[in-house]
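Chemist: Structure below; questions to follow.
Chains as they are written, first to last, in the working numbering: chain A, 1073 to 1291; chain B, 1073 to 1291; chain C, 1073 to 1291; chain D, 1073 to 1291.
Shown next, in the form of structure tokens:
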């Protein structure tokens, strides 16, 4: 893919980072990537999502190790439908993992994750391709996987979808934690959740949400 | 009603949407409507409350289905006193519904809902006129009804009142949740609550609150 | 007291209102007053603390009923040391009252209220001079009294002190609520709390806090 | 050390104060210091961290008592590796201390404090060199010590590190409190925590975090 063709993707990429930063899903650490075809992905340097510039993004193939790239590359190899991967460390997602819980379907947004959100139990950072492959395997066909004491990895068909799913995941984790504090959460079974997801999680809804969150963002 | 006459209503309508967005009661999804007489309502397109413009509002009659209109139309048909209907998905309101609770009178604002706040148990979105009619029936003569795992519908005599009631409902839900965490909430009985409501919820108070929340809003 | 002499007091008064609004202790409803000598107080109209202007403030004597004035007048009559009275409805203060609790000394700020913070059990608004006198009597020599399901009244020697005490009271209520959620709060006994208060609550500290909170405020 | 040489340190110092203020770790009260060699430290006047100017900073030796200096001086004497000391009163840190808890390793940031975070049980302010020496002794070789009902003291090799560690400590305290509310936190043992810390807490990571938090700060 030629550099000129990447300009719109880079704009979405940086906008997604700014949204994530503004909505409180990251501090200085979070990494987004986007598949660009030909076994390659657009990736970012080790820099705060609030500060990365489009001109600093770069393309790297799935077999070349660069800092923080392993989990992204492993997911693209395992999931042909993955167009973007977002790895972040938001507070409520981490909270659920350190008490042995995960996001479960209860409302319109959490129902979007009806395939289940597995939790990878290894603590600490992702460093090796082998560990990254284990995470991708655990992810399976889900939209997200949590990493205990660490954060989450979300998979979208596009950068926009990955960003919006990250917001929905964190909101769902917040609801899950609050509901657990109050007593007996009423969960949706898998079939009911899938039904809700089919009505709630449509491309047009993602576009509406993207329009909302990207308003006023400087990318 | 002629278009020229709708200008002040449209201004209040958009202001109400901005207030709701700024106060955190909606993300990209929430829908407001206002009765304009003659079996018609002013309604909004599928767009974030933070972004909708007055020029995008439109009038639709109570029997024509447009996206997201069903619950609004059903409420106007059932409630001649309804001048505005607001449907939104705020966090604490949803929280109560997923643990089988609702807003109950405890303080000056929650007492305003002394008629009770019923909870509609069907999960997911409102799609059919039949389902919308069921929700309107459950609402009865109350100021608000909650939808499990989904959100709330609030009814006001005016757009301003509906917006302020939405804020009071979410604050009341937050207080209810926090009080439940701490142990034994002291509820007001219905008569005491009604007495408080009569002193607290007056048109002049709504105007004072509207003046407060609309300060600095661009509509 | 001549109007010209009131200018500095009016500036502090409006600054205090803005601080309270910005720090989240009030929505559209809260009332501040300041003793001006001769059985009179400076008072405000029924308007949001975020919007009241210095030119709208007025002087009223302790026996003339104007809207919302009763509790202020009752406190000045009962407490010769009261230079300012602030009545507000912040979330955590209300929370404690609806579960039968009050602020208790645990840390440097809550210790300032070592005389105890009584709770007035009558729900709803303060309307009559008799009821206001009951509240003033319950207040006794304390710095604050809570009103169940309603809010708090704080007494300071100056407007600045009343504003800072209001902030400390709400922060203390938040800490109290959070500590109760976690299990067994370690309270300070009255003597230990008084000792902490003597070191923590000095005029110079109030001035430092005032300088901090009033920075950037438009009054 | 000559005054001219202190300019970069003063810039970092004031930037650190602004970060702490903006991130909600202090109100008007918090004190930072930085070792400047020769048994001396750079220190600040009694003024809000949001308002102190570089021109107000001053150098004082470890044996001269100035207001609020005791704990800083005691730590420098006890810890040759301490380049900066930060004493603050953030909400979640205080919360843990008033329920008899402390920060414990659970996630990437809390693991950084794998040496343990002791709690000093004496309530109230630090006033005497003797009491300050007791706190420094309790600190031992840890990165932080908590003071019951009061706040925390954090030690960094540099001003930047002390500021970032303060942010990590407060976030860790928030996670600890939330996890305790939900039931059974899964703690990391000391060896696992140290392993995580070695990968997470590197000078390059501190620089990345500093770049993130200092963006847009006026110092």
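Backbone N, C-alpha and C define an ideal beta-carbon position, used for all residues, glycine too.
#1: When you compare the CB positions of residue 1100/D and residue 1269/C, do they come within less than 7 Å of one another, or not?
#2: If distances are taken between C-alpha atoms only, which option among 1183/B, 1181/B, 1215/B and 1156/B comes closest to residue 1191/B?
#3: Please name the residue, chosen from 1132/B, 1167/B, 1158/B and 1121/B, that lies closest to residue 1258/A on a Cα-to-Cα basis.
#4: Thinking just about the alpha-carbon of each residue, which of 1213/A, 1219/A and 1189/A is nearest to the one in residue 1203/A?
#5: Is any beta-carbon of chain B found at less than 7 Å from that of residue 1280/A?
#6: At a Cβ threshold of 7 Å, is residue 1284/A touching chain B?
#7: Decide if residue 1271/B is buried, meaning its Cβ has at least 16 other Cβ atoms within 10 Å, or exposed.
#8: Within 10 angstroms of its Cβ, does residue 1121/A collect 16 or more other Cβ (buried), or is it exposed?
#9: Is any beta-carbon of chain B found at less than 7 Å from that of residue 1222/C?
#10: Of all the CB atoms in chain A, is at least one closer than 7 Å to the CB of residue 1207/B?
#11: With respect to the alpha helix (DSSP H) encompassing residue 1094/A, which residues constitute its N-terminal and C-terminal limits?
#12: To the nearest angstrom, report how far apart residue 1086/B and residue 1113/A are at their CA atoms.
#13: CA-CA distance, residue 1193/A and residue 1265/D?
#14: To the nearest angstrom, how far is the alpha carbon of residue 1278/B from that of residue 1147/D?
#15: Going by the beta-carbon positions, is the gap between residue 1083/B and residue 1291/B smaller than 7 Å?
#16: Answer yes or no: does any C-beta atom of chain A fall closer than 7 Å to that of residue 1258/D?
#17: With DSSP collapsed to three states, give me the class of residue 1115/A.
#18: Tell me which residue opens and which closes the beta strand (DSSP E) that residue 1107/B is part of.
#19: Just the chain D side, please: which residues come within less than 7 Å of residue 1182/A by C-beta, in chain order?
#20: Can you list, in chain order, the residues of its chain whose CB lies under 7 Å from that of residue 1187/D, leaving out five sequence neighbours each side?
#21: Just tell me which of 1172/C, 1249/C and 1149/C has its CA closest to the CA of residue 1178/C.
#22: Going by C-alpha distance, which of 1151/C, 1131/C, 1237/C and 1182/C is nearest residue 1117/C?
#23: Within the continuous beta strand (DSSP E) that includes residue 1133/C, where are the two ends?
#24: If you check the beta carbons only, do residue 1104/C and residue 1088/C fall under 7 Å apart?
#25: Any residues in the stretch 1109 to 1125 of chain C with a beta carbon nearer than 9 Å to a beta carbon of chain B? Which ones, in chain order?
#26: The alpha helix (DSSP H) that contains residue 1269/C, what's its start and end?
#27: May I ask you to list, following chain order, the residues of the stretch 1161 to 1180 of chain B that have a beta carbon less than 9 Å from some beta carbon of chain A?
#28: Would you decide whether residue 1180/A is buried or exposed? Buried here means 16 or more other CB atoms lie within 10 Å of its CB.
#29: Are the beta-carbon atoms belonging to residue 1225/D and residue 1143/D less than 7 Å from one another?
#30: Just how far apart, CA to CA, sit residue 1275/A and residue 1182/A?
#31: Comparing alpha-carbon positions, which option in 1260/A, 1217/A, 1090/A and 1138/A lies nearest residue 1170/B?
#32: To the nearest angstrom, report how far apart residue 1292/C and residue 1152/C are at their CA atoms.
#33: Any beta-carbon of chain C closer than 7 Å to the one on residue 1149/D?
#34: If you measure between the beta carbons of residue 1234/A and residue 1156/A, is that distance less than 7 Å?
#35: Nearest to residue 1102/D by alpha carbon, out of 1134/D, 1133/D, 1158/D and 1077/D?
#36: For residue 1249/D, which residues in chain C fall below 9 Å Cβ to Cβ?
Modeler: Looking at the atomic coordinates:
#1: no
#2: 1215/B
#3: 1167/B
#4: 1219/A
#5: yes
#6: yes
#7: exposed
#8: buried
#9: yes
#10: no
#11: 1079 to 1094
#12: 42 Å
#13: 14 Å
#14: 56 Å
#15: yes
#16: yes
#17: strand
#18: 1103 to 1109
#19: Going along chain D, no residue has its Cβ under 7 Å from residue 1182/A, so there is no contact; the nearest lies around 16 Å.
#20: 1213, 1214 and 1215
#21: 1249/C
#22: 1131/C
#23: 1130 to 1133
#24: yes
#25: 1118, 1119, 1120, 1121, 1122 and 1123
#26: 1262 to 1272
#27: 1161, 1163, 1164, 1166, 1167, 1168, 1169, 1170, 1171, 1172 and 1173
#28: buried
#29: yes
#30: 17 Å
#31: 1260/A
#32: With chain C represented from 1073 up to 1291, any question about residue 1292/C goes unanswered, as that position is not in the structure.
#33: no
#34: yes
#35: 1158/D
#36: 1250, 1253 and 1254
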